[in-house]
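Student: Following the working numbering, the numbering of the sequence shown begins with 1000 at its first residue and continues without gaps.
We put the beta carbon where it would ideally sit given N, CA and C, even for glycine.
Quick one: the structure is below, and I'll ask about it shortly.
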Amino acid sequence: MSKKQKLELTWIGKEHRPKLEPRILLEDPLRSYHAKHRVTDGDIFDNQLIFGDNLLALKALEAEFAGKVKCVFIDPPYNTGSAFTHYDDGVEHSIWLSLMRDRLEIIRRLLSEDGSLWMTIDDAEGHYLKVMCDEVFGRMNFVGTITWQKTTSVHNNAVYFSSATDMVLVYAKDISLFKMGRVPRSERNVGDYSNPDNDPRGAWASSPLHVSLTSGQRGKQFAQTGKSSGLFPIVSPQGEEILPPKGRAWGYSLETIKRFEDEGLLWWGKDGRNQPRMKRFLRDSKEGVVPITLWPSEEVGHNQEAKAENAATLPDQPELFSTPKPERLLKRVIELSTNPGDLVLDSFAGSGTTGAVAHKMGRRWIMVELGEHCHTHIIPRMQKVIDGEDKGGISGAVNWQGGGGFRYYKLAPSLLRQDAYGQWVINKEYNAEMLAQALCKLEGFTYAPSDAHYWMHGHSTERDFIYVTTANLNHEQLQQLSDEVGAERSLLVLCTAFRGRGEYPNLTVKKIPKQVLSRCEWGHDDYSLRVENLPACAVGASAPYSHGVPLAGAKASASHAISSDPSTSSGRTGGGAKVRGVNAAQAGLFGEGDA
């Protein structure tokens, strides 16, 4: 019997999925930033800016934010072969698809059931991305493809076409639950309404009463029987019988059409002899209009507008992004997909436009960025937004006055490292609190150290707890733990070694790092797949690892170091990187040194 086939996009290495380590996040208060005082009651201070590899960052967010993100907007590298400064944007097709697939699978898990994903992409990889997203999200959850006019200029050096548009692919987590917003009604839309019959209900526009006879379920019925329930005459005000045009059928039953007539909702033309049309009143359409899939630059901006916004916000920055997204584009996306207070995520933060717009619109946000422009572009930009000094972009449209803030995080180093003998041991950079938090995340527990019980580092249920220690536990200590936990609760104990006698029915004791050794790819800090255009890659140029395996003939690229320069500090908080602390009793039970 042959293997059952399915329609799918295949590529080299598709079957490989990295075993990602769910890192903890370390806050650096020197880079976190908050307004000096509350501007409005709606100010949001718990936004997050994460510096680090975005695949590891997405994995780090999963435990806390799965099912909670209302909108994800990403502007990934387009894989055009152009050598952008801020992105190595020339990844070979298969590597690029793997890079995106791994991230999209986590993004889907982060989305709320009524959430949506919006991706800007060009036609170099856009169609491959569409087919791959059909597989990740389900083809039925495809919402649409928007054509965005990214430039008003013509590039005469183009060989065939001068590219003027990008795609915006839109997917829902569950399209049956997704609710699309409306675009505010423009002056042009209002101009479509008039009141030629002086209807006391005000201005109206009209739409046909008839629909296609040959499409959908109606067309199927007509093809099989030659009959349709929508083929019948209706009588005009002049007493004439009116049939729908050829190839069309009435879209409503005769009873419904008579009700429309009684309510004065039909327009037969000035002489009362035209095809009837349905009146739709402006006063009933205040929520806006249904968005269309063509977004011209005069409505949502273009790349040059975005560059001007960046230049005005960061006048001292000598090097700006060449293809940033305008704030008006993000405003449109966020208006259509979220409400105030909803959570917006951008894991390819770039110049920080998503966070800036979400902040001004009263949405919570998380941004992830690996490049050094996280410090040179995003932090200064967000500081000006928070201080109310950013008067550009959509600030005027939303009457932005400043306020709120964000916390800056970096990814913790890998929990395990190899010692001089090639053995995996606990990383010396981990203190007691970090170790407890990391192992809680690995084991699926919520990190919540108790002030009352030294052995409560986290919980998975109201009666199931976890305790982490680097101590070597003996029988007396284990028996004491068992007695304190009691018969109504259970405790997972993770320690470097233990010597027990007998059984402890409410304890599960495991050794670390052995307990977690096979869980993840330890010591892997860079999944960014940084690579220049492979066919044209110069000899000696850096090339990436593909999930730990060097590409053929390629050299390993250096991992990005986290800058220790406390630039752009707000001066309002102090101290270095921190995680939530445990009490003195807990800390005292961690042994000195490493496993």
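With respect to the beta strand (DSSP E) encompassing valine 1169, which residues constitute its N-terminal and C-terminal limits?
Tutor: Here the beta strand (DSSP E) through valine 1169 covers 1164–1171.
Student: Can you list, in chain order, the stretches of the beta strand (DSSP E) that have 3 or more residues and sit fully within the stretch 1335–1397?
Tutor: Whole beta strand (DSSP E) segments, 3+ residues: 1342–1345 and 1363–1368.
Student: On the three-pair Cβ rule with 8 Å, is the stretch 1037–1056 touching the stretch 1393–1410?
Tutor: Yes, since at least three Cβ pairs between the stretch 1037–1056 and the stretch 1393–1410 fall closer than 8 Å, the two stretches touch.
Student: Excluding the 5 residues flanking asparagine 1273 on each side, which residues of the same chain have their C-beta closer than 7 Å to its C-beta?
Tutor: Excluding residues within five positions, the ones whose Cβ falls inside 7 Å are Trp1267.
Student: Hey, is the stretch 1052–1062 in contact with the stretch 1340–1360, meaning 3+ C-beta pairs nearer than 8 Å?
Tutor: The stretch 1052–1062 vs the stretch 1340–1360: in contact.
Student: When the Cα atoms are used, what is the spatial distance from glutamate 1262 to methionine 1277?
Tutor: Each residue's alpha carbon lies about 11 Å from the other.
Student: Distance, Cα to Cα, serine 1161 vs lysine 1149?
Tutor: Cα to Cα, the separation comes out at about 12 Å.
Student: DSSP beta-bridge partners for tyrosine 1032?
Tutor: Paired residue(s): Phe1405.
Student: Indicate whether phenylalanine 1064 and tryptophan 1117 have their beta-carbon atoms separated by less than 8 Å.
Tutor: Their beta carbons are not under 8 Å apart, which means phenylalanine 1064 does not touch tryptophan 1117 by this criterion.
Student: Note down, in chain order, each residue of its chain lying with its Cβ closer than 8 Å to the Cβ of arginine 1108, except the 5 sequence neighbours on either side.
Tutor: So the list reads Glu1061, Ala1065 and Gly1066, once near-sequence residues are dropped.
Student: When burial is assigned at 16 or more other CB atoms within 10 Å of the CB, is leucine 1293 buried or exposed?
Tutor: Burial call: exposed.
Student: Could you tell me if serine 1517 is buried or exposed, where buried requires 16 or more neighbouring beta carbons within 10 angstroms of its beta carbon?
Tutor: So serine 1517 ends up on the exposed side.
Student: What is the DSSP secondary structure of lysine 1604, counted as helix, strand or coil?
Tutor: Because residue 1604 is not part of the residues shown, which for the chain are 1000 to 1594, the question remains open.
Student: How should arginine 1030 be labelled, buried or exposed, when 16 other C-beta atoms within 10 angstroms of its C-beta is the threshold for buried?
Tutor: Counting Cβ neighbours within 10 Å, arginine 1030 comes out buried, since at least 16 surround it.
Student: How is the alpha helix (DSSP H) around lysine 1058 delimited, first residue to last?
Tutor: Lysine 1058 -> alpha helix (DSSP H) spans 1053–1064.
Student: State the Cα-Cα distance for the pair threonine 1507 and leucine 1168, rounded to the nearest angstrom.
Tutor: Computed Cα separation, rounded: 48 Å.
Student: Leaving out the 5 sequence neighbours to the left and right, which residues in its chain are closer than 6 Å to proline 1183 when beta-carbon positions are compared?
Tutor: Answer for proline 1183: Gly1287, listed in chain order.
Student: From tryptophan 1249 to isoleucine 1241, what does the alpha carbon distance come to, in whole angstroms?
Tutor: If I take the Cα positions, the gap works out to 11 Å.
Student: Grouping DSSP H, G and I as helix and E and B as strand, with all else coil, what is cysteine 1132?
Tutor: The answer is helix: DSSP assigns cysteine 1132 an H, G or I state.
Student: When burial is assigned at 16 or more other CB atoms within 10 Å of the CB, is asparagine 1156 buried or exposed?
Tutor: With fewer than 16 other Cβ atoms within 10 Å, it is exposed.
Student: Considering just the uninterrupted stretch of the beta strand (DSSP E) at aspartate 1482, what are its terminal residues?
Tutor: Premise fails: aspartate 1482 lies in the alpha helix (DSSP H), 1474–1484, not in any beta strand (DSSP E).
Student: Alpha carbon to alpha carbon, what distance is there between glycine 1395 and glycine 1457?
Tutor: Straight-line Cα distance between these residues: approximately 46 Å.
Student: So for methionine 1099, helix, strand or coil by DSSP?
Tutor: Correct three-state label for methionine 1099: helix.
Student: Helix, strand or coil, according to DSSP, for valine 1289 in the structure here?
Tutor: Valine 1289 falls in the coil class under three-state DSSP.
Student: Shortest alpha-carbon distance to threonine 1119 belongs to which of Tyr1170, Asp1198, Leu1319 and Ile1465?
Tutor: Measuring from the Cα of threonine 1119, the nearest candidate turns out to be Tyr1170.
Student: Quick check on threonine 1151: buried or exposed, where buried means 16 or more other Cβ atoms within 10 Å of its Cβ?
Tutor: By the 10 Å Cβ count, threonine 1151 comes out exposed.
Student: Give me the residue from Thr1224, Gln1422, Phe1259 and Glu1502 with the minimum Cα distance to serine 987.
Tutor: Coverage of the chain is limited to positions 1000 through 1594, which leaves residue 987 absent and any answer about it impossible.
Student: If arginine 1282 sits next to arginine 1181, beta carbons under 8 Å apart, how far is it from one beta carbon to the other, in whole angstroms?
Tutor: So it is not a contact: roughly 15 Å between Cβ atoms.
Student: In whole angstroms, what separates the C-alpha of glutamate 1014 from that of serine 1284?
Tutor: Between glutamate 1014 and serine 1284, the C-alpha separation is close to 49 Å.
Student: On a Cα-Cα basis, can you pick out the residue from Phe1444, Leu1230 and Gln1237 that is closest to valine 1252?
Tutor: The amino acid occupying residue 1252 in the given sequence is serine; valine does not appear at that position. Of the candidates Phe1444, Leu1230 and Gln1237, the one whose C-alpha sits nearest the C-alpha of serine 1252 is Leu1230.
Student: So does the stretch 1380–1390 actually touch the stretch 1356–1366, counting three or more Cβ pairs closer than 8 Å?
Tutor: Output reads yes: the stretch 1356–1366 touches the stretch 1380–1390.
Student: Taking DSSP's pairing of strands, which residues face arginine 1279 in a bridge?
Tutor: According to DSSP, which records beta bridges pairwise, arginine 1279 is partnered with Ala1204.
Student: Please name the residue, chosen from Ser1193, Thr1352 and Arg1279, that lies closest to lysine 1306 on a Cα-to-Cα basis.
Tutor: If we check each option's Cα against that of lysine 1306, Thr1352 comes out closest.
Student: Report the option in Trp1423, Arg1279 and His1372 whose CA atom is closest to the CA atom of serine 1206.
Tutor: Looking at the Cα atoms, Arg1279 is the closest of the given residues.
Student: Confirm, please, whether the CB-CB distance from tyrosine 1408 to leucine 1019 is below 8 Å.
Tutor: It is not a contact, given that the beta carbons lie outside the stated cut-off.
Student: Please state if the CB of aspartate 1341 and the CB of arginine 1362 are separated by a distance shorter than 8 Å.
Tutor: Their beta carbons are under 8 Å apart, which means arginine 1362 touches aspartate 1341 by this criterion.
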